[in-house]
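Per this note's numbering, the sequence shown runs over residues 45 to 790. Ideal Cβ placement from N, Cα and C applies to all residues, glycine included. Everything numeric in this text was worked out from a predicted model, so none of it was measured.
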Amino acid sequence: PLDRVDGRLKVMGGARYTAEWDLPGLAYGALATSAIARGKVRAIDVKAAQQAPGVLAVLTYLNAPRLQPMPDKVGGSLFRGEGGITETLQPLQDATIEYAGQPLAVVVADTHEHARYAATLVHITYDEAKPELDRATASRQTLPESFTGSKEEPLQVTVGDPKAALAAAPVKLERVYESAITHHNPIEQLATIARWEKRNGADYLTVYDTTRGVDTLQEVFAASLNLPKENVQIICPFIGGAFGSKGWLYAPALLTAMAARVVGRPVKIELRRQDMFSTAGQRGATRQTLSLGATRDGKLTALQHDTQAQSSMVSGYTEPCARVSRMMYAVPNLGFAHHLSHLNLPSPCPMRGPGETVGGWALECAIDELATELNIDPVELRLRNYADKNPETGKPFSSKHLRECYARGQELIGWNARNPKPRSMREGNSLIGYGMATTMYPAARREASARATIFADGRALVQSATHELGNGAYTIFRQISADALALPVDNVRFELGDSALPQAPTTGGSATTATIGPAATAASQAALSALKKVAIRDAKSPLFGAAEDAIEARDGRLVRKANAAQGETYGAILQRAKLPSISAESTTKPGDEREQFSFYSFGAVFAKVRVDEASGSVRVAQLCAVYDVGRLMNPQTAHSQFIGGMAMGLGAALMEATHYDARNGRAVVRNLADYHVPSMADTPDIIAEALNIPDPHISTLGARGIGEIGCVGTPAAITNAVFHAMGQRLRSLPLTPDKVLKALAS
Numbered sequence: 045p046l047d048r049v050d051g052r053l054k055v056m057g058g059a060r061y062t063a064e065w066d067l068p069g070l071a072y073g074a075l076a077t078s079a080i081a082r083g084k085v086r087a088i089d090v091k092a093a094q095q096a097p098g099v100l101a102v103l104t105y106l107n108a109p110r111l112q113p114m115p116d117k118v119g120g121s122l123f124r125g126e127g128g129i130t131e132t133l134q135p136l137q138d139a140t141i142e143y144a145g146q147p148l149a150v151v152v153a154d155t156h157e158h159a160r161y162a163a164t165l166v167h168i169t170y171d172e173a174k175p176e177l178d179r180a181t182a183s184r185q186t187l188p189e190s191f192t193g194s195k196e197e198p199l200q201v202t203v204g205d206p207k208a209a210l211a212a213a214p215v216k217l218e219r220v221y222e223s224a225i226t227h228h229n230p231i232e233q234l235a236t237i238a239r240w241e242k243r244n245g246a247d248y249l250t251v252y253d254t255t256r257g258v259d260t261l262q263e264v265f266a267a268s269l270n271l272p273k274e275n276v277q278i279i280c281p282f283i284g285g286a287f288g289s290k291g292w293l294y295a296p297a298l299l300t301a302m303a304a305r306v307v308g309r310p311v312k313i314e315l316r317r318q319d320m321f322s323t324a325g326q327r328g329a330t331r332q333t334l335s336l337g338a339t340r341d342g343k344l345t346a347l348q349h350d351t352q353a354q355s356s357m358v359s360g361y362t363e364p365c366a367r368v369s370r371m372m373y374a375v376p377n378l379g380f381a382h383h384l385s386h387l388n389l390p391s392p393c394p395m396r397g398p399g400e401t402v403g404g405w406a407l408e409c410a411i412d413e414l415a416t417e418l419n420i421d422p423v424e425l426r427l428r429n430y431a432d433k434n435p436e437t438g439k440p441f442s443s444k445h446l447r448e449c450y451a452r453g454q455e456l457i458g459w460n461a462r463n464p465k466p467r468s469m470r471e472g473n474s475l476i477g478y479g480m481a482t483t484m485y486p487a488a489r490r491e492a493s494a495r496a497t498i499f500a501d502g503r504a505l506v507q508s509a510t511h512e513l514g515n516g517a518y519t520i521f522r523q524i525s526a527d528a529l530a531l532p533v534d535n536v537r538f539e540l541g542d543s544a545l546p547q548a549p550t551t552g553g554s555a556t557t558a559t560i561g562p563a564a565t566a567a568s569q570a571a572l573s574a575l576k577k578v579a580i581r582d583a584k585s586p587l588f589g590a591a592e593d594a595i596e597a598r599d600g601r602l603v604r605k606a607n608a609a610q611g612e613t614y615g616a617i618l619q620r621a622k623l624p625s626i627s628a629e630s631t632t633k634p635g636d637e638r639e640q641f642s643f644y645s646f647g648a649v650f651a652k653v654r655v656d657e658a659s660g661s662v663r664v665a666q667l668c669a670v671y672d673v674g675r676l677m678n679p680q681t682a683h684s685q686f687i688g689g690m691a692m693g694l695g696a697a698l699m700e701a702t703h704y705d706a707r708n709g710r711a712v713v714r715n716l717a718d719y720h721v722p723s724m725a726d727t728p729d730i731i732a733e734a735l736n737i738p739d740p741h742i743s744t745l746g747a748r749g750i751g752e753i754g755c756v757g758t759p760a761a762i763t764n765a766v767f768h769a770m771g772q773r774l775r776s777l778p779l780t781p782d783k784v785l786k787a788l789a790s
């Protein structure tokens, strides 16, 4: 497989991230944020800040430019209202405070240090109100109907009669599972640079931003600042990780543009690490109730999955936990509901595997508990409830090879050699446990456009406004384009990360490969078609007069299918026609296959753990997974995605949690020293395999997305392994030593 084409740039420091752009006359902004979680600004004294060295301006709600409301929808996603994906609050528009860390002032100065110091001089007095910080007692409770407004993502569903089926079931199981607030914490912090300029008397705004949605951000800026969309350009060629952040919360970016407009020069705002815990999104805490009904031989008859999720006072975003339960197993009576508590905490947003990571953890733990109750092997119980079609919609899956994943995963971990009895295995002073879980993720595909240009020197350029956030986009789309153009990979360049390029959706939902790949292929084929027409019309060409469908591209040449000796290079055709290049743009989108099939990826994750009885620590000794994700476009970058997701799932299982002070709503954990993520010492050698069987229905490429499925099943596999080791079930993430010791003591 091809190595990452941007790898050398990154290693040598040549990849320019947002904060590294240096514009002439650049000024620097720093935020002054709220120390309380609920109330109003009574007074804000900025005199000392204004008089500090190098200060150019101080913006507060009293003098900041006025913004238009956030648009209701962007790119088909609901932005505002229940189930909406972003905040309704526009920054610095009034004195209202809804969460600790909310930006209340922006100080702009000639250097970063001057701005940062002056921000500490902004003195704010408050009319403080008691914050609402408890999901159970929140005064504002809502029932969102759908996730981001999509009719394909309902959040309140009933199939059959789950209540009656549960009442009649010979075996019943009801369990409650809770997960903590977690944060994305990419290495690169959020940053924005904004520059205003006049062109023919009109205002134009150029923004460099850490965003995985340049087109989405363009619409947000245009709507908020009352500009024509074409007068806004968003640029982001590289992102230093996102994991669901950097796409949906816009206050710091908008504040940068507002500040730049006020001071009349480019401004940069880069968030500090502690700001990433208040203004960059999070995965909200959840409380999930799983109710299962089954026959004594393990056939599920009913499944009810109810979620109590949290959002902020200024957002309707919902963690869609029960999405996984709607299609995982063949259950005739199915119900799920989502209840949302609005709190005085920072707004949540998607985080790797939104809904599926914690929802799948709860479901797969409940299935494991049922297996224990019935004394059935956990893999066997899942096979007895294997779904050949989507139980909610009745549609067949486009491609599903989960049985093969189970079988191979058992081989890799040595599943059948273990003693299945809980608390029966030891190595030295450690209790040993084995666990497994099914993993899945929706196989989305969206509309996108691409442009392909073939140059007279035999090289080509393909462009689309997608993003490189560590997912290997530069590499695989260069490969896909080169294949479609019949050119060596070294002769093709792929450009992305600019809203001036052909339209592409926000990168997320494991949809990028299935979305951009077909667009790049179609644009490349359209450019070749245009080139064929030039050759056919040229009397000096060996292809003169041929039918277009009688010509094919091979190794940088157009040749007759019947006689490959009759042909010529792309460059020869263009040079003789005195054309420096030839271009074509194409737009692709899903067809009616979405009405015929249900599109998901699947897999099986297996874990071996060691539990220290004295300290309560849990160490993952082995982590293996086998995935059915369609065709792999690049096995090397795919493997990186799998093991990265599994490592993140390990963190969710064992250590990641953000705690807020119950008195004032401030984050107790605000740095990478206290917010624990897996280090190399915490992470075992991970085995991740893929079946590499193309999906014949998703697109001509046969590839489904892989960015999130690695994260989804891992927490449950580890939790189930900890139960097998201890004989005690933990139902609260993360599985920290204090919880383990308490369980062991009981």
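Measuring only the C-alpha atoms, how far is methionine 302 from arginine 327?
As a position in the sequence shown, residue 302 is number 258, starting the count at 1. As a position in the sequence shown, residue 327 is number 283, starting the count at 1. Cα to Cα, the separation comes out at about 28 Å.
Taking the DSSP output, what are the residues bridged to phenylalanine 287?
For the purposes of this step, residue 287 is identified with residue 243 of the sequence shown, where counting begins at 1. For phenylalanine 287, no pairing in a beta bridge is given by DSSP.
Looking at the secondary structure, which residues open and close the alpha helix (DSSP H) in which tryptophan 405 lies?
Residue 405 sits at position 361 when you count from the first residue of the sequence shown. DSSP places tryptophan 405 in the uninterrupted alpha helix (DSSP H) bounded by 400 to 418.
Which residues bound the alpha helix (DSSP H) around histidine 158?
Translated into the one-based positions of the sequence shown, residue 158 becomes position 114. Run containing histidine 158: 156 to 163, per the alpha helix (DSSP H) assignment.
Kindly identify the DSSP beta-bridge partner or partners of valine 251.
Position 207 of the sequence shown holds residue 251. In the DSSP output, where bridge partners are listed per residue, valine 251 has Ala238 and Ile278.
Does the beta-carbon distance from glycine 337 to valine 201 come in below 8 Å?
Numbered from 1 along the sequence shown, position 293 holds the residue referred to as residue 337. Numbered from 1 along the sequence shown, position 157 holds the residue referred to as residue 201. Contact: no.
Using a Cβ distance threshold of 8 Å, determine whether the segment 711 to 724 contacts the segment 213 to 232, with at least three qualifying pairs required.
yes
Consult DSSP for tyrosine 105 and reduce its assignment to one of helix, strand or coil.
Residue 105 sits at position 61 when you count from the first residue of the sequence shown. Residue state, collapsed to three classes: coil.
Using the rule of at least 16 other Cβ atoms within 10 Å of the residue's Cβ for burial, across every protein chain shown, is aspartate 718 buried or exposed?
Position 674 of the sequence shown, counting from 1, holds the residue named residue 718. The residue in question, aspartate 718, is exposed, as its Cβ has fewer than 16 Cβ neighbours within 10 Å.
Between which residues of its own chain and proline 759 is the CB-CB distance below 6 Å, once the five residues before and five after are set aside?
Residue 759 sits at position 715 when you count from the first residue of the sequence shown. If we look at proline 759 and ignore the five residues flanking it on each side, its Cβ neighbours are Trp405, Gly693, Ala696 and Ala697.
Measure the C-alpha to C-alpha separation of phenylalanine 123 and aspartate 582 and round it to an integer number of angstroms.
Here the question's residue 123 lines up with position 79 in the sequence shown. Here the question's residue 582 lines up with position 538 in the sequence shown. Looking at the two C-alpha atoms, the distance is approximately 53 Å.
Would you kindly work out how many angstroms separate the C-alpha atoms of asparagine 473 and glycine 689, rounded to a whole number?
The count along the sequence shown starts at 1 and reaches residue 473 at position 429. The count along the sequence shown starts at 1 and reaches residue 689 at position 645. Rounded to the nearest angstrom, the two C-alpha atoms are 30 Å apart.
In the DSSP assignment, the alpha helix (DSSP H) including asparagine 764 goes from what residue to what residue?
Translated into positions along the sequence shown, residue 764 becomes position 720. Unbroken alpha helix (DSSP H) run through asparagine 764: 758 to 770.
Check this for me: beta carbons of arginine 367 and glycine 308, under 8 Å apart or not?
The count along the sequence shown starts at 1 and reaches residue 367 at position 323. The count along the sequence shown starts at 1 and reaches residue 308 at position 264. No.
In the DSSP assignment, find the alpha helix (DSSP H) that holds aspartate 259 and state where it starts and stops.
Counting from 1 along the sequence shown, the entry for residue 259 is found at position 215. Counting along the chain, the alpha helix (DSSP H) containing aspartate 259 begins and ends at 258 to 268.
Mind listing, in chain order, the continuous beta strand (DSSP E) runs of no fewer than 3 residues lying wholly within the segment 185 to 233?
Entirely contained in the segment 185 to 233, the beta strand (DSSP E) runs reaching 3 residues are, in chain order, 201 to 203 and 215 to 223.
Using DSSP with H/G/I as helix, E/B as strand and the rest coil, what is leucine 529?
To locate residue 529, count along the sequence shown from 1; it is residue 485. Looking at leucine 529 - three-state DSSP - the assignment turns out to be helix.
By Cβ distance below 7 Å, which residues in the same chain neighbour glycine 285 in space, the five residues on each side in sequence not counted?
Locating residue 285 in the sequence shown gives position 241, counting from the first residue. Closer than 7 Å at Cβ, skipping near neighbours: Pro230, Ile231, Glu232, Leu513 and Gly514.
Taking just the CA atoms, how far does phenylalanine 643 sit from proline 135?
Position 91 of the sequence shown holds residue 135. Position 599 of the sequence shown holds residue 643. Distance between the alpha carbons of proline 135 and phenylalanine 643: 39 Å.
Quick one: what does DSSP say glutamine 388 is sitting in, helix, strand or coil?
Position 344 of the sequence shown, counting from 1, holds the residue named residue 388. One point to set straight first is that residue 388 is asparagine, not glutamine, in the sequence displayed. Asparagine 388: coil per DSSP, three-state reduction.
Only counting the same chain, and skipping five residues up and downstream in sequence, which positions put a Cβ closer than 7 Å to that of arginine 86?
Position 42 of the sequence shown, counting from 1, holds the residue named residue 86. Closer than 7 Å at Cβ, skipping near neighbours: Thr169, Tyr170 and Asp171.
Pull up the DSSP beta-bridge partners for methionine 480, would you.
Along the sequence shown, read from residue 1 onward, the residue named residue 480 stands at position 436. Methionine 480 is bridged by DSSP to Phe650.
Phenylalanine 538 by DSSP, collapsed to three states: which one?
Counted from its first residue, the sequence shown places residue 538 at position 494. Phenylalanine 538: strand per DSSP, three-state reduction.
What is the DSSP secondary structure of glycine 611, counted as helix, strand or coil?
Counting from 1 along the sequence shown, the entry for residue 611 is found at position 567. Reduced to three states, the DSSP call for glycine 611 is strand.
Grouping DSSP H, G and I as helix and E and B as strand, with all else coil, what is phenylalanine 811?
Residue 811 is absent from the structure shown; the chain starts at 45 and stops at 790.
Taking only three categories from DSSP, how would you classify leucine 271?
In the sequence shown, counting from the first residue as 1, residue 271 sits at position 227. Looking at leucine 271 - three-state DSSP - the assignment turns out to be coil, as it is neither helix nor strand.
Identify, in the order they occur along the chain, each residue of the same chain with its Cβ nearer than 6 Å to the Cβ of leucine 529, setting aside the five sequence neighbours on each side.
Taking the sequence shown and counting its residues from 1, one reaches residue 529 at position 485. Counting only Cβ-Cβ distances below 6 Å, and skipping sequence neighbours, we find Ala504 and Ser568.
Counting pairs of beta carbons, one from the segment 549 to 559 and one from the segment 252 to 260, are three or more of them closer than 8 Å?
yes
For glutamine 680, which of Lys174, Glu417, Ala238 and Ala734 has the nearest alpha-carbon?
As a first step, residue 680 is located in the sequence shown; it is residue number 636 there, counting from the start. Measuring from the Cα of glutamine 680, the nearest candidate turns out to be Ala734.
Please list, in chain order, all residues of the same chain as threonine 430 whose beta carbon is under 8 Å from its beta carbon, the five residues on each side excluded.
The count along the sequence shown starts at 1 and reaches residue 430 at position 386. Before going further, note that residue 430 is tyrosine rather than threonine in the sequence given. Cβ neighbours of tyrosine 430 beyond the five flanking positions: Tyr373, Ala374, Leu446 and Arg447.
Under DSSP, the alpha helix (DSSP H) around valine 306 begins and ends at which residues?
As a working mapping, residue 306 is identified with position 262 in the sequence shown. Looking at the DSSP string, the run of the alpha helix (DSSP H) that includes valine 306 is 295 to 307.
Looking at threonine 330 and serine 443, is the spacing between their C-beta atoms short of 8 Å?
Counted from its first residue, the sequence shown places residue 443 at position 399. Counted from its first residue, the sequence shown places residue 330 at position 286. Not a contact, by the Cβ cut-off of 8 Å.
For phenylalanine 191, does the count of other Cβ atoms within 10 angstroms reach 16, so buried, or fall short, so exposed?
The residue labelled residue 191 in the question sits at position 147 within the sequence shown. Phenylalanine 191 is buried by the Cβ-count criterion.
Are the beta-carbon atoms of leucine 75 and valine 152 separated by less than 8 Å?
Your numbering for residue 75 matches position 31 in the sequence shown. Your numbering for residue 152 matches position 108 in the sequence shown. No, the pair does not count as a contact, with Cβ atoms beyond the cut-off.
Return the residue from the list Pro109, Leu676 and Met371 that minimises the CA-CA distance to alanine 793.
Missing from the structure shown is residue 793; the chain here goes from 45 to 790 and no further.
Can you tell which of Ala761, Arg773 and Glu176 has the C-alpha that lies nearest to the C-alpha of glutamine 454?
Reading the sequence shown from its first residue, position 410 is the one you call residue 454. Closest option to glutamine 454, Cα to Cα, is Ala761.
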